[in-house]
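Remarks on the structure that follows.
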Amino acid sequence: MADMAIILQQAQRSLVIARKDIRIYYSKGPVVIFGILFPVFLFLSFTIGRQLAVDFMIPGLVGMILFFTATSISPIVVPWEAQARTLERLMSCPVRIETIIIGDILASFAFGVGISVLPIILGLFLGVTISNSVIFALALILAAFCFASLGNVFSIPPTNMPSTVNMISSVVKFPVVFISGIFIPLDQLPAWGQAIAYISPLTYFTDIARGCIQGRAHLPVAVDLLVLLAFTALFLVVAMKLHQKTMPRRI
Amino acid sequence: MDNDVAIQVVNLTKYYGELLAVDHISFTVRRRELFGFLGPNGAGKTTTVRMLTGVIKADEGGASILGYRAGSLKAKQVAGVVPEIANAYADLSGWNNLMLMSELYGIPASEARQRGASLLQDMGLFPRKNDAVKAYSKGMKQRLILCMALVSDPEVLFLDEPTSGLDVQSARLIKDLLRSLNARGKTIFLTTHDMDEANQLCDRVAIINKGRIVAIDAPEKLRMATSATHSVEVSFDNVVSPEVLVNIPGVNTVKKLGDKYRLYTANPGELVVSLVNYSSSHGLKVISLNILEPSLEDAFVALTEKEAKHG
Numbered sequence: 002m003a004d005m006a007i008i009l010q011q012a013q014r015s016l017v018i019a020r021k022d023i024r025i026y027y028s029k030g031p032v033v034i035f036g037i038l039f040p041v042f043l044f045l046s047f048t049i050g051r052q053l054a055v056d057f058m059i060p061g062l063v064g065m066i067l068f069f070t071a072t073s074i075s076p077i078v079v080p081w082e083a084q085a086r087t088l089e090r091l092m093s094c095p096v097r098i099e100t101i102i103i104g105d106i107l108a109s110f111a112f113g114v115g116i117s118v119l120p121i122i123l124g125l126f127l128g129v130t131i132s133n134s135v136i137f138a139l140a141l142i143l144a145a146f147c148f149a150s151l152g153n154v155f156s157i158p159p160t161n162m163p164s165t166v167n168m169i170s171s172v173v174k175f176p177v178v179f180i181s182g183i184f185i186p187l188d189q190l191p192a193w194g195q196a197i198a199y200i201s202p203l204t205y206f207t208d209i210a211r212g213c214i215q216g217r218a219h220l221p222v223a224v225d226l227l228v229l230l231a232f233t234a235l236f237l238v239v240a241m242k243l244h245q246k247t248m249p250r251r252i
Numbered sequence: 002m003d004n005d006v007a008i009q010v011v012n013l014t015k016y017y018g019e020l021l022a023v024d025h026i027s028f029t030v031r032r033r034e035l036f037g038f039l040g041p042n043g044a045g046k047t048t049t050v051r052m053l054t055g056v057i058k059a060d061e062g063g064a065s066i067l068g069y070r071a072g073s074l075k076a077k078q079v080a081g082v083v084p085e086i087a088n089a090y091a092d093l094s095g096w097n098n099l100m101l102m103s104e105l106y107g108i109p110a111s112e113a114r115q116r117g118a119s120l121l122q123d124m125g126l127f128p129r130k131n132d133a134v135k136a137y138s139k140g141m142k143q144r145l146i147l148c149m150a151l152v153s154d155p156e157v158l159f160l161d162e163p164t165s166g167l168d169v170q171s172a173r174l175i176k177d178l179l180r181s182l183n184a185r186g187k188t189i190f191l192t193t194h195d196m197d198e199a200n201q202l203c204d205r206v207a208i209i210n211k212g213r214i215v216a217i218d219a220p221e222k223l224r225m226a227t228s229a230t231h232s233v234e235v236s237f238d239n240v241v242s243p244e245v246l247v248n249i250p251g252v253n254t255v256k257k258l259g260d261k262y263r264l265y266t267a268n269p270g271e272l273v274v275s276l277v278n279y280s281s282s283h284g285l286k287v288i289s290l291n292i293l294e295p296s297l298e299d300a301f302v303a304l305t306e307k308e309a310k311h312g
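So the sequences go chain by chain: F and L. Residues 2 to 252 in the working numbering are what the first sequence lists, from first letter to last. Residues 2 to 312 in the working numbering are what the second sequence lists, from first letter to last.
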C-alpha cells in the first residue's frame, strides 16, 4: 500500500514537471525549428512535384511530424536545465530521477500528440478517411510515448550543451525517417531495405497509419502495436537506468 | 536514533576519480541548531551538501536527516535546499517558481499560496511576484531561491553560500531571516567561507579543509583555542621599523596595517609592558594600544594551515 501511495505521489509530481516543461520549453527556438518547421519542409521537399495521392502522403506526414515533435523536447530538457543551473534544485526536491525523466517524456509526448493532430485534420479536410480510428488513436498515443522516450535516450550523455544533444539526435532521426516507409512504402523496398526498416520504431506507426488510411498495411496491426510497445519499454528502461548514472555527473 | 539529532553524518566519503573530495567525515547537528560549515574554496563543502541533500551519492559512509537516509524521498521531503549555484526558472515568474516548488513537495494549494505570499512579502519580492525571474537582480533571485526552499516549511534547511556575492541589503535580509527561522526551531546547515557571517549566525561551526574536518566547536571556543594568534595593535607618534619591533621580547610576528602595527604574541599582557618600556626608553609616545582577541578568521587560518603542514 505504501509503495502504491509513493508511485501515485511520484506520478503526480511527474505531471507537475511535465507542466513546467510545457510552460518553459514549447516556445524555445530549437523545439519549434526541429520539431515543427523541419519535418514540414523536409516532407514538402520530397513530395512536391511527385504526383502522389493524398491518402499516401497523409500517413507519412503524420508519422514524420509525430516523430519529430515527440523527439524535440525530451532530449534537450535535461542538458538545458543543467546549463541553466535549475537541475540541482530539481534533484534536491522529493522526486526520483525516474520521476523527472517521466515528466520530461510526458511533456514531449503531449507536444507530439498535439501537433500531429494538425496533419490529421488537414488529411480529413482533403478527403482522406480513417477506417479504424480507435486503433489509429491508440497507435498515435503509443508511438508518441515511444518516440518521446527515444528522445530522452539521446540526452543520456552527460553534456550540458543542448546543441550537442540536438546534433546527436539529428544523426539518428534523419536516417530513421528515410528507412521507415515514409517516402517509400515497405512493400516497395528490397528485402535488405525491409530488414533495416524493422529496426526503426517509426516503421510500425507508419504501417498502422497506412493500414488505417490507405487500407494497405504490411504487417498485422497487433504485431505493429506489440513491437511499438516493446520499443517503448526498451527506451524507457534504458533512459531510466542510464540517467541514474549520468544525471548526478551533470551537476 | 536520538530525537535531538537533526543531521547525522558517519564516515561520509566522496571521490572524483582519483581525487578524494570528502574524506570520511563524521559529525552531528542537533535539532534547532544553526550549524556553520566553513572551509576554503575546494575544501569539500559543496560536495558534502550535495550528498546530504541527495543530489549525488556518497562512495562510502552515509548520513541521515531527521532519521531518514540522506537522499531518500522522506529525507528530501523534510529538507529545504538553497544550492550554491542555483537558479530559479528564468522564464517563469517568481510566483510560478514558488508554486512549482510547493507542488513538487506536495503542499496543498491554499497553504502554498498563503505561505508563498507571506515569504515574498518578508523578502520584499511581493510587488514583483508576477515578473519573469529573468528580470530579477542577483539579490532578488537569491531571495526568491530562499523562498523556494522555505515554501514547504522544512524542518531542516541547507544553504550553500547563500549570501555570496550579494549586495549588503539582500545579505542582511537573508541573515535576519535565518536568525528568525532558527529562533522558530528550524535546524539550519549553512556553508560559508565568510567568517563574520559564521561568527554572527552559528551556534557551532565545523571547519573543513581538503575534505577533512579539522575542528568542530562553538565559534567563540574555536577563537579562544587559537592561543598563538593573540595580538596587540599599537601605533606610535613616530616611525618605527618592523625589524625593531620584532626584537621586542614576546613578539612572534609583526604585521604593518596602515599607520599601526599588529604584533602577534603568546602573552599579550607581558608584551604591553615591554612596549611601554620600549617607547619610554626610545622617547616615543604611544598613540593607541589595543589587545586583540583572535578572530574566527585567525582560528580558521591557524587550523587550515596546521592541517596543510600535517597533510
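For glycine and all other residues, C-beta sits at the position ideal for the given N, C-alpha and C.
Among residues of its own chain, excluding the 5 on either side of residue 15 of chain F, which ones have a beta-carbon nearer than 7 Å to its beta-carbon? By 1-based counting over the first sequence, the position of residue 15 of chain F is 14. The answer, listed in chain order, is 100, 103, 104, 107.
Top-ranked residue by Cα proximity to residue 220 of chain L, from L:112, L:180, L:197: Counting from 1 along the second sequence, the entry for residue 220 of chain L is found at position 219. Considering only L:112, L:180, L:197, the residue with the shortest C-alpha distance to residue 220 of chain L is L:197.
Is it true that the CB of residue 51 of chain L sits closer than 9 Å to the CB of residue 187 of chain L? Within the second sequence, residue 187 of chain L is the residue found at index 186, counting from 1. Within the second sequence, residue 51 of chain L is the residue found at index 50, counting from 1. No, the pair does not count as a contact, with Cβ atoms beyond the cut-off.
Within the chosen definition, does the stretch 205-224 of chain F reach the stretch 52-61 of chain F through at least 3 CB pairs nearer than 8 Å? Yes: at least three Cβ pairs fall under 8 Å.
How about residue 104 of chain L: is its C-beta nearer than 9 Å to some C-beta of chain F? Working through the second sequence from its first residue, we reach residue 104 of chain L at position 103. True, the Cβ-Cβ gap to chain F drops below 9 Å.
Would you mind sorting residue 188 of chain F into buried or exposed? The rule is 16 or more other CB atoms within 10 Å of its CB. Indexing the first sequence from 1 puts residue 188 of chain F at position 187. Classification for residue 188 of chain F: exposed.
Is residue 215 of chain F helix, strand or coil by DSSP? Here residue 215 of chain F refers to the residue found at position 214 when the first sequence is read from its first residue. Coil, per DSSP.
Rank L:276, L:295, L:294 by C-alpha distance to the C-alpha of residue 286 of chain L and give the top, closest one. By 1-based counting over the second sequence, the position of residue 286 of chain L is 285. Ranking L:276, L:295, L:294 by Cα distance to residue 286 of chain L puts L:276 first.
In chain order, what residues of the same chain lie with their CB nearer than 7 Å to the CB of residue 67 of chain L, ignoring the 5 residues before and after it? Reading the second sequence from its first residue, position 66 is the one you call residue 67 of chain L. If you ignore the 5 residues before and after residue 67 of chain L, its C-beta comes within less than 7 Å of the C-beta of 7, 79, 156, 157, all in its own chain and listed in chain order.
What did DSSP end up calling residue 161 of chain L once you bin it into helix, strand or coil? Mapped onto the second sequence, residue 161 of chain L falls at position 160. Residue 161 of chain L: strand per DSSP, three-state reduction.
Taking only beta-carbon positions, decide if residue 101 of chain L is within less than 9 Å of chain F. One-based indexing of the second sequence puts residue 101 of chain L at position 100. Under the Cβ distance rule, residue 101 of chain L counts among the residues neighbouring chain F, one pair being separated by less than 9 Å.
Quick one: grab the DSSP three-state call for residue 248 of chain L. By 1-based counting over the second sequence, the position of residue 248 of chain L is 247. Here residue 248 of chain L sits in coil by DSSP.
Could you name the residues of chain F that residue 209 of chain L contacts, counting a contact when the two beta carbons are closer than 8 Å? Your numbering for residue 209 of chain L matches position 208 in the second sequence. Residues of chain F with a Cβ closer than 8 Å to the Cβ of residue 209 of chain L do not exist, since the nearest Cβ in that chain sits about 19 Å away.
Roughly how many whole angstroms lie between the Cα atoms of residue 163 of chain L and residue 86 of chain L? Reading the second sequence from its first residue, position 162 is the one you call residue 163 of chain L. Reading the second sequence from its first residue, position 85 is the one you call residue 86 of chain L. Each residue's Cα considered, the two are about 9 Å apart.
What does residue 90 of chain L pair with, by DSSP beta-bridge criteria? The residue labelled residue 90 of chain L in the question sits at position 89 within the second sequence. Residue 90 of chain L is bridged by DSSP to nothing; it lacks a bridge partner.
9 Å Cβ cutoff, residue 88 of chain L in contact with chain F: Stepping through the second sequence from its first residue, residue 88 of chain L is reached at position 87. Yes, its Cβ sits closer than 9 Å to a Cβ of chain F.
Hey, could you find the ends of the beta strand (DSSP E) residue 9 of chain L is sitting in? Position 8 of the second sequence, counted from the start, is the residue given in the question as residue 9 of chain L. Segment 6-17, the beta strand (DSSP E) holding residue 9 of chain L.
Consult DSSP for residue 244 of chain F and reduce its assignment to one of helix, strand or coil. Indexing the first sequence from 1 puts residue 244 of chain F at position 243. Three-state DSSP puts residue 244 of chain F in a helix.
If you measure between the beta carbons of residue 230 of chain F and residue 151 of chain F, is that distance less than 9 Å? Counting from 1 along the first sequence, the entry for residue 230 of chain F is found at position 229. Counting from 1 along the first sequence, the entry for residue 151 of chain F is found at position 150. Annotated as distal: residue 230 of chain F and residue 151 of chain F, with beta-carbon spacing of 9 Å or more.
Just reading off the beta strand (DSSP E) that residue 214 of chain L is part of, what are its end residues? As a first step, residue 214 of chain L must be located in the second sequence, where it is residue number 213. Taken as a continuous stretch (DSSP letters only), the beta strand (DSSP E) holding residue 214 of chain L covers 213-218.
Residue 255 of chain L to residue 218 of chain L, Cα distance in whole Å? The residue labelled residue 255 of chain L in the question sits at position 254 within the second sequence. The residue labelled residue 218 of chain L in the question sits at position 217 within the second sequence. Residue 218 of chain L has its alpha-carbon roughly 29 Å from the corresponding atom of residue 255 of chain L.
Report the three-state DSSP secondary structure of residue 42 of chain L (helix, strand or coil). Counted from its first residue, the second sequence places residue 42 of chain L at position 41. Assignment of residue 42 of chain L by DSSP, reduced to helix, strand and coil, places it in the coil class.
If we count the other Cβ atoms within 10 Å of its Cβ and call it buried at 16 or more, is residue 301 of chain L buried or exposed? Stepping through the second sequence from its first residue, residue 301 of chain L is reached at position 300. Buried, since its Cβ has 16 or more Cβ neighbours within 10 Å.
Going by the CB atoms, is the gap between residue 147 of chain L and residue 233 of chain L shorter than 9 Å? Reading the second sequence from its first residue, position 232 is the one you call residue 233 of chain L. Reading the second sequence from its first residue, position 146 is the one you call residue 147 of chain L. Contact: no.
Take the Cβ of residue 65 of chain L as the centre, count every other Cβ of all protein chains shown within 10 Å, and call the residue buried at 16 or more, exposed below. Walking along the second sequence from the start, residue 65 of chain L turns up at place 64. Buried: at least 16 other Cβ atoms inside 10 Å.
Continuous alpha helix (DSSP H) stretch holding residue 83 of chain F: start and end: By one-based count along the first sequence, residue 83 of chain F stands at place 82. Residues 78-84.
When the Cα of residue 152 of chain L is compared with those of L:168, L:103, L:293, which residue comes out closest? Position 151 of the second sequence holds residue 152 of chain L. Closest by alpha carbon: L:103.
Starting from residue 207 of chain L, follow its DSSP beta bridges and name the residues at the other end. Numbered from 1 along the second sequence, position 206 holds the residue referred to as residue 207 of chain L. Partner(s): L:38, L:217.
Rounding to the nearest angstrom, what Cα-Cα distance links residue 241 of chain L and residue 262 of chain L in this structure? As a working mapping, residue 241 of chain L is identified with position 240 in the second sequence. As a working mapping, residue 262 of chain L is identified with position 261 in the second sequence. Cα-Cα distance, rounded: 9 Å.
Tell me where the alpha helix (DSSP H) around residue 116 of chain L begins and ends. As a position in the second sequence, residue 116 of chain L is number 115, starting the count at 1. Element bounds for residue 116 of chain L: 110-123.
Evaluate the contact criterion for the stretch 168-180 of chain L versus the stretch 124-141 of chain L: three or more CB pairs, one atom per stretch, below 8 Å. With the cut-off at 8 Å, the stretch 168-180 of chain L and the stretch 124-141 of chain L touch.
Thinking just about the alpha-carbon of each residue, which of F:26, F:84, F:9 is nearest to the one in residue 252 of chain F? Taking the first residue of the first sequence as position 1, residue 252 of chain F is located at position 251. Considering only alpha carbons, the answer is F:84.
N-terminal and C-terminal residue of the beta strand (DSSP E) that residue 240 of chain L is part of: As a working note, residue 240 of chain L is residue 239 in the second sequence. No beta strand (DSSP E) holds residue 240 of chain L; DSSP gives it neither H nor E.
Going straight from the alpha carbon of residue 170 of chain F to that of residue 157 of chain F, what length do you get? To locate residue 170 of chain F, count along the first sequence from 1; it is residue 169. To locate residue 157 of chain F, count along the first sequence from 1; it is residue 156. Spanning the alpha carbons of residue 170 of chain F and residue 157 of chain F requires a straight line of approximately 11 Å.
Would you check if there are 3 or more beta carbon pairs closer than 8 Å linking the stretch 11-28 of chain L to the stretch 54-61 of chain L? Touching, yes.
Using 8 Å as the threshold, is the stretch 29-47 of chain L in touch with the stretch 232-250 of chain F, meaning 3 or more CB pairs across them? Result no; under three Cβ-Cβ pairs closer than 8 Å.
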